[in-house]
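A short write-up of the structure that comes next.
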Amino acid sequence: MNSKELKIVEAPIEQQIKKLQNNSASHNFRGKLQIIIKAMSRPSDEKKDRKSPAPIQNLPEAIEDENHLIKIGIAAMDRKARSKPMRNILSRLVATNKFECIIFGDKVILDEDIENWPVCDFLISFFSTGFPMDKAIRYVKLRNPIPINDLPLQKLLWDRRLVLAVLDKIGVPTPKRCELNRDGGPKVDKEVASEMERRFGLKLNTPRSPPKSFQVQNDTALLIDGVRMEKPFVEKPVSGEDHNINIYFGGGNGGRKLFRKIANQSSILDPELSDPRTEGSFIYEQFMKTDNYEDIKIYTLGPDIVHAETRKSPVVDGIVKRNLDGKEIRYVVELTPEEREIARKISTAFSQTVCGFDILRVKGKSYVIDVNGWSFVKGNDSYYDKCADTLAKFCLKAMSSLTVPPPTPGQDVTPKPTVSSWRLKAMICVFRHADRTPKNKLKFNFNADEPGAEPFIKLLQGRKDEIILRTSDHLQLIATATEEAIAIVESDQIKLERLKSILCSKMGKQGLKAQLKPSFQSEDESLEKITIVIKWGGEFTHAARYQSRDIAENFAKDLRVMSKLGLFLLRRLISKRSSFDHHSSCHSCKRTMLDDVTIFTSSESRVVATAEIFSAGLREACKAHSKTEPKTIPLVTRKDLLDDSNAAKEPMDRVKKRLKVLLRHNQGIEVDWPIADKEPFDVVQEVIVTLQEQRDVMHTNWETLDVEQIQSRWCCGECPVLFRERWEKLFSDWCDGALDPSRVCELYDSLKYDSLHNRTFLETIFSSSSTWPSPVCSDASSLLAIMPGSAPSMMPSSSSFSSHSHFSPIGLIRTGDTSLASTPAVSPGQHHHPRQVSLKYPAPPSPSGTIKEEDGGWSETESLKRLRKLYKDAKLLFDLIAPQEYGIDQSEKREIALLTSLPLLQKIVSDLNAAKESQGGLARFYFTKESHMHTLVNLIKLSKLKLAHRDVMELDYMAYLSFEVYERTSEVGKSEHSVRISLSEGAHGIPLDTSLDAKHALQVIPRRQLIPHKDLDEVIESLQDWGENTFELKKSTTPHDGFLPLEGEDIFSK
1 MNSKELKIVE
11 APIEQQIKKL
21 QNNSASHNFR
31 GKLQIIIKAM
41 SRPSDEKKDR
51 KSPAPIQNLP
61 EAIEDENHLI
71 KIGIAAMDRK
81 ARSKPMRNIL
91 SRLVATNKFE
101 CIIFGDKVIL
111 DEDIENWPVC
121 DFLISFFSTG
131 FPMDKAIRYV
141 KLRNPIPIND
151 LPLQKLLWDR
161 RLVLAVLDKI
171 GVPTPKRCEL
181 NRDGGPKVDK
191 EVASEMERRF
201 GLKLNTPRSP
211 PKSFQVQNDT
221 ALLIDGVRME
231 KPFVEKPVSG
241 EDHNINIYFG
251 GGNGGRKLFR
261 KIANQSSILD
271 PELSDPRTEG
281 SFIYEQFMKT
291 DNYEDIKIYT
301 LGPDIVHAET
311 RKSPVVDGIV
321 KRNLDGKEIR
331 YVVELTPEER
341 EIARKISTAF
351 SQTVCGFDIL
361 RVKGKSYVID
371 VNGWSFVKGN
381 DSYYDKCADT
391 LAKFCLKAMS
401 SLTVPPPTPG
411 QDVTPKPTVS
421 SWRLKAMICV
431 FRHADRTPKN
441 KLKFNFNADE
451 PGAEPFIKLL
461 QGRKDEIILR
471 TSDHLQLIAT
481 ATEEAIAIVE
491 SDQIKLERLK
501 SILCSKMGKQ
511 GLKAQLKPSF
521 QSEDESLEKI
531 TIVIKWGGEF
541 THAARYQSRD
551 IAENFAKDLR
561 VMSKLGLFLL
571 RRLISKRSSF
581 DHHSSCHSCK
591 RTMLDDVTIF
601 TSSESRVVAT
611 AEIFSAGLRE
621 ACKAHSKTEP
631 KTIPLVTRKD
641 LLDDSNAAKE
651 PMDRVKKRLK
661 VLLRHNQGIE
671 VDWPIADKEP
681 FDVVQEVIVT
691 LQEQRDVMHT
701 NWETLDVEQI
711 QSRWCCGECP
721 VLFRERWEKL
731 FSDWCDGALD
741 PSRVCELYDS
751 LKYDSLHNRT
761 FLETIFSSSS
771 TWPSPVCSDA
781 SSLLAIMPGS
791 APSMMPSSSS
801 FSSHSHFSPI
811 GLIRTGDTSL
821 ASTPAVSPGQ
831 HHHPRQVSLK
841 YPAPPSPSGT
851 IKEEDGGWSE
861 TESLKRLRKL
871 YKDAKLLFDL
881 IAPQEYGIDQ
891 SEKREIALLT
901 SLPLLQKIVS
911 DLNAAKESQG
921 GLARFYFTKE
931 SHMHTLVNLI
941 KLSKLKLAHR
951 DVMELDYMAY
961 LSFEVYERTS
971 EVGKSEHSVR
981 ISLSEGAHGI
991 PLDTSLDAKH
1001 ALQVIPRRQL
1011 IPHKDLDEVI
1021 ESLQDWGENT
1031 FELKKSTTPH
1041 DGFLPLEGED
1051 IFSK
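Under full-length UniProt numbering, the residue at position 1040 of the sequence shown is numbered 1040, and the numbers go up by one with no gaps.
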């Protein structure tokens, strides 16, 4: 090892020692000096044999006294600190009973002085958007915890020029580059600059002049002050937080724009992209054609433990393939000794124990293209075990060496906080139900005076309320009334025969129900007509079980970590009070949110099923981490709060009429519409054309293919006949008559459902036979090239993937070996159909916009492009129609929201008040349908509270709105309360770009902050305003005024 490398290895130790020396007031300097030397040093024999760390269970005996638990502070934004990977790691640490993991939380980090931040022994802290890094650095100087990742040196990662300068000094290969500085060069804090100069001789704050010459030569090369960079090259902003990167191909082939992943897109081809940007500072790197067209993501756990995954490079086609957790599909890859050495150098040089960086492999050599700082592997339990084990052993080894001498008389000791940190005291959540089958319905209107209406009117028995019939016996009453109506000669025989047919075909099927809806004249309240609505579908799926259970497990882990933090802080504060106060508070300090949980549900079967599985999952997760049997969680049905009612029927009917107009030609746009050069009417026409094409293709395939053999297994009670029935109804609704806005939601619903549950059948039955590739392929390794005119292999090497591949009618797929998948494979016996992992890596379109086929490789077929277009257009129209069903303008949104969800909002306000008065905390979970979710969110958005953001996407299955109540208490017992409102859009994703397993379940996406931390009393006052001055509404907003439908069993079973 040369002297330079030796200096790098010692750098983290020297850096920490210097900080401790500068902080001479710290009375535990000698002890922490020993910690760093011992914890960062590894015996020589251990270095030779770098085996995986022992399981975390093999740690020393648990620490029984909570006052002696090792305190690990997490000072990071909640979106990162409470993310699923972080929760997985922290829960493993907490389970050892040796660690107290203290999540500081956004409220503390952003609003509190550092003197009031929790005190800890070790600190996990890293930058993300909105994080006050300078404040965190001041905290480290004040409290002197041992940081897992150095904070000041994280600032180097904010400028790519600084990162590359360090990489050059430590001998890490990077692509050939040149710089264009228009900002005077990179700037960094004096402390960091002096540290880098001392360790590496780097002068980081040296001014850099703008270029004297900057030109592009004939679309082939870039010249900066005489330095020539041939196309293709990559243009990167100098800011490490700016991911808007351009690739310039040259030769008239345009370029590709890369950006942070948006949905399933990470880059787009731009045929007009030829000239570099003229404003800002950039780094220009030679474009490198990587082996297999893959990037490698490397994650370090200290200098000696690394994990690596490969992914399709974003420069291939910009399409991000995702797993069911919504994460990009990656495969574990083995690193070479040279790459492991690169990882060691980067971790030690930047003093980042947990660190991620990207490399490219080109002709057997590896080049680093980015260093990201704190990064976790996602969805890999083995990594979580290893990471928790590494952190635990590091902290325990360090603490075992800690000797803390008592402070000398007169020594300046930093005062402890006089108030507790903010703790999460209560969680109140409202959920939409989990995944369901598509809903279908047919309406039959009978005027009160028309022949054939009388048998149905008799079923009302003089009532004015809507009646719902669910059981076979009660549905038979409608079938009998239909037979009686058919016997009346003057009746509408065609309409009645259709009603009879649908009842006969669906009788006994799951989810079938009928609604009798009377309508009355406004003048004399006489009966005007009766509407019979037959509904089927909308049933709980097997995917819904996984979604309900997984979200319960996630909540249990989150609340457990946050509750332990709150319990620790509360006990510590109570211990400082008088003995009387301590005795009176003894009981409350033992209670947490998980000791007071109640779940409320509507009466709808799929909602009840979601609530029941969530309840069982929450209890099971608590049981796994508890020495005692968890309490039974009450499950309460509240129709008045969570069921649909007819209170908002009149304003919603008015809105539906306006939506019909919105879809007509030249009607103007009253709401946000993302396409400037198209009206909704134009998109509707394109959907109709596509559906007509799909209908013809399906009919042809039904005649020529053995449809029973296309998909070997079906779920959710489906079969080819039911698939066709559902799609024939969609074709008829869209192509054969006037379009009703509700049909938009039905189309989108079916596309989503079939993309997840019937992918093989969907793609095959809508695939034109002329686009099918040959069923035989002896060599699938030659696919499309990254750039026009080149066609090297893009398939992973044989060492990474199974050679057993086959073609489907849609494109190249691989079945079988999943040993390298970054998420655990499901056993074959569990599959509804063979596991499919897409390996389609199509080339970018050529300048003419077509997709090229080269060397026997297959690009995306026209059939799949047509299916993608149909999904995209349906999604556009759904995003226009679905939210507006609950009001187009603010007055409509307000009226419909109040009539639908005011009782629920008032119950939430009651819960917030109860949380304020509660001694130990509480958790309340409400499960309902989409209508309550939209209207409740509208009430929040239309309130006086200031929103963090207004853009709300589709409220998909398991979407939820959360109210988190935080509390802090002073030593004299005075409490303050804050509340934060967040929203998750649910199990949201693009199913056609999702790799499926047998679960068919999309993961629920993390919640986003809707209302930032506000004083609890202010929030309660603002929400209570909705309950006042509602006298102008035409319908009462109380839950007991006859707007809930009557159940058939309450009428006909007596």
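All residues carry an ideal CB built from backbone N, CA and C; glycine is no exception. Predicted model only: the values in this text are computed from it and were never measured.
Review point. By Cβ distance, which residues of its chain are closer than 7 angstroms to Met958, with the 5 residues on each side in sequence left out?
Key: Working through the sequence shown from its first residue, we reach residue 958 at position 958. The residues are Phe431, Arg432, Ala434, Gln547, Ile551, Gly986, Ala987 and Val1004.
**Study point:** For Val965, the three-state DSSP class (helix, strand or coil)
**Key:** Here residue 965 is taken as the residue at index 965 of the sequence shown, counted from 1. If DSSP states are grouped into helix, strand and coil, Val965 belongs with the strands.
Review point. First and last residue of the beta strand (DSSP E) that includes Cys355?
Key: By 1-based counting over the sequence shown, the position of residue 355 is 355. First-last of the beta strand (DSSP E) with Cys355: Val354 to Val362.
Exercise for review: Would you list the one or two residues that DSSP bridges to Val430?
Suggested key: Locating residue 430 in the sequence shown gives position 430, where the first residue counts as 1. Looking at the DSSP assignment, Val430 forms a beta bridge with Tyr926 and Leu961.
Point to revise | Integer Cβ distance of Arg1010 from Leu955, believed to fall under 8 angstroms | key: Translated into positions along the sequence shown, residue 1010 becomes position 1010. Translated into positions along the sequence shown, residue 955 becomes position 955. Just to set this straight, residue 1010 is Leu in the shown sequence, not Arg. With a Cβ gap of about 12 angstroms, Leu1010 and Leu955 do not count as contacting.
**Study point:** Proximity of Ile530 and Ile457 at Cβ, strictly below 9 angstroms
**Key:** In the sequence shown, the residue the question calls residue 530 occupies position 530. In the sequence shown, the residue the question calls residue 457 occupies position 457. In this structure, Ile457 lies closer than 9 angstroms to Ile530 by Cβ.
Review point. Between Asp449 and Ser491, what straight-line distance do the alpha-carbon atoms span, to the nearest angstrom?
Key: The residue labelled residue 449 in the question sits at position 449 within the sequence shown. The residue labelled residue 491 in the question sits at position 491 within the sequence shown. Taking the straight line from one Cα to the other gives about 11 angstroms.
Review point. In this structure, does DSSP put Ile990 in helix, strand or coil?
Key: Position 990 of the sequence shown, counting from 1, holds the residue named residue 990. Coil at Ile990, not helix or strand.
Practice item. Note down the Cα distance separating Gln1024 from Val332, rounded to an integer number of angstroms. Key: To locate residue 1024, count along the sequence shown from 1; it is residue 1024. To locate residue 332, count along the sequence shown from 1; it is residue 332. Each residue's alpha carbon lies about 53 angstroms from the other.
Point to revise | Cβ distance (whole Å) where Lys941 is taken to contact Leu1016 below 8 angstroms | key: For this step, residue 941 is matched to residue 941 along the sequence shown. For this step, residue 1016 is matched to residue 1016 along the sequence shown. The beta carbons of Lys941 and Leu1016 sit about 19 angstroms from each other, so the pair does not count as a contact at 8 angstroms.
Check your understanding: For Ser281, is the beta carbon positioned less than 8 angstroms from some heavy atom of the ligand MG?
Key -> Annotation note on the ligand MG: not contained in the displayed structure, which lists no ligands.
Review point. Exposed or buried, what is Val689 when buried is set at 16 or more other beta-carbons lying within 10 Å of its beta-carbon?
Key: Within the sequence shown, residue 689 is the residue found at index 689, counting from 1. Its Cβ having fewer than 16 others within 10 Å, Val689 is exposed.
Review point. Beta strand (DSSP E) containing His68: first to last residue?
Key: To locate residue 68, count along the sequence shown from 1; it is residue 68. Where His68 is concerned, there is no enclosing beta strand (DSSP E), given that its DSSP letter is neither H nor E.
Check your understanding: Is it the case that the Cβ atoms of Gly226 and Pro207 are separated by a distance below 9 angstroms?
Key -> For the purposes of this step, residue 226 is taken as the residue at position 226 of the sequence shown. For the purposes of this step, residue 207 is taken as the residue at position 207 of the sequence shown. No.
**Study point:** Exposure of Pro883, with buried meaning 16 or more beta-carbon neighbours within 10 Å
**Key:** In the sequence shown, residue 883 corresponds to position 883, counting from 1. The residue in question, Pro883, is buried, as its Cβ has 16 or more Cβ neighbours within 10 Å.
Check your understanding: Name the DSSP bridge partner or partners of Pro518?
Key -> Within the sequence shown, the letter at position 518 stands for residue 518. Ile530.
Check your understanding: Using the beta-carbon count (16 or more within 10 Å), is Trp1026 buried or exposed?
Key -> Here residue 1026 is taken as the residue at index 1026 of the sequence shown, counted from 1. Its Cβ being crowded by 16 or more others within 10 Å, Trp1026 is buried.
Point to revise | Range covered by the alpha helix (DSSP H) that runs through Val744 | key: Taking the sequence shown and counting its residues from 1, one reaches residue 744 at position 744. Val744 -> alpha helix (DSSP H) spans Ser742 to His757.
Exercise for review: From the DSSP output, read off the bridge partner residues of Gln215.
Suggested key: Looking up residue 215 in the sequence shown gives position 215. Answer is Leu223.
Check your understanding: Per DSSP, what kind of secondary structure is Pro1012 in: helix, strand or coil?
Key -> Locating residue 1012 in the sequence shown gives position 1012, where the first residue counts as 1. Correct three-state label for Pro1012: strand.
Check your understanding: So, Pro147 versus Leu123, is the Cβ gap smaller than 9 angstroms?
Key -> The residue given as residue 147 occupies position 147 in the sequence shown. The residue given as residue 123 occupies position 123 in the sequence shown. Yes, the Cβ-Cβ distance between Pro147 and Leu123 is below 9 angstroms.
Practice item. Please name the residue, chosen from Lys363, Leu662, Phe520 and Asp465, that lies closest to Ile888 on a Cα-to-Cα basis. Key: For the purposes of this step, residue 888 is taken as residue 888 along the sequence shown, with counting starting at 1. Checked all of Lys363, Leu662, Phe520 and Asp465; the closest Cα to Ile888 is Leu662.
Point to revise | Beta-carbon spacing of residue 1075, Ile478 below 9 angstroms | key: Beyond the ends of the chain as shown, which are 1 and 1054, falls residue 1075; an answer cannot be given.
Check your understanding: So who's on the other strand from Lys345, going by DSSP bridges?
Key -> Residue numbering aside, residue 345 sits at position 345 when the sequence shown is read from its first letter. Looking at the DSSP assignment, Lys345 forms no beta bridge with any residue, so it has no partner.
Check your understanding: Residues in its own chain within less than 7 angstroms of Ile260 by CB, not counting five upstream and five downstream?
Key -> Counted from its first residue, the sequence shown places residue 260 at position 260. The amino acid occupying residue 260 in the given sequence is Arg; Ile does not appear at that position. Here the set comprises His243.
Point to revise | Pairwise C-alpha distance: Lys107 and Tyr139 | key: By 1-based counting over the sequence shown, the position of residue 139 is 139. By 1-based counting over the sequence shown, the position of residue 107 is 107. Their backbone Cα atoms lie some 15 angstroms apart in a straight line.
Exercise for review: Starting from the C-beta of Gly130, find all residues in its chain whose C-beta is less than 7 angstroms away, skip the five residues before and the five after it, and write them out in chain order.
Suggested key: Mapped onto the sequence shown, residue 130 falls at position 130. Met77.
**Study point:** Pro303 and Thr348 closer than 9 angstroms at C-beta
**Key:** On the sequence shown, position 303 is the one that residue 303 refers to. On the sequence shown, position 348 is the one that residue 348 refers to. Closer than 9 angstroms, so yes.
**Study point:** Rounded straight-line distance, which links the Cα of Ile305 to that of Asn380
**Key:** The residue you call residue 380 lines up with position 380 of the sequence shown. The residue you call residue 305 lines up with position 305 of the sequence shown. Answer to the nearest angstrom: the Cα atoms are 15 angstroms apart.
Review point. Okay, do the segment 701-715 and the segment 894-908 touch, 3+ Cβ pairs below 8 angstroms being the bar?
Key: The segment 701-715 is not in contact with the segment 894-908.
Check your understanding: What does a CB cutoff of less than 6 angstroms around Pro674 pick up in its chain, not counting 5 residues either side in sequence?
Key -> Translated into positions along the sequence shown, residue 674 becomes position 674. Same-chain partners within the cutoff: there are none.
Review point. Taking only runs of the beta strand (DSSP E) that begin and end inside the segment 146-217, which ones reach a length of at least 3 residues, in chain order?
Key: 177-180 and 214-217
Point to revise | Minimum C-alpha distance to Phe878 - residue among Leu659, Glu339 and Asp736 | key: Against the sequence shown, residue 878 aligns to sequence position 878. For the residues Leu659, Glu339 and Asp736, the minimum Cα distance to Phe878 belongs to Leu659.
Check your understanding: Does Leu90 have its Cβ less than 9 angstroms from a Cβ in chain D?
Key -> The structure shown contains no chain D; it is built from a single protein chain.
Review point. According to DSSP, is Val140 helix, strand or coil?
Key: Here residue 140 is taken as the residue at index 140 of the sequence shown, counted from 1. Residue state, collapsed to three classes: helix.
Practice item. Please list the segments of the alpha helix (DSSP H) lying wholly inside the segment 610-693, counting only runs of 4 or more residues, in order along the chain. Key: 639-642 and 649-662
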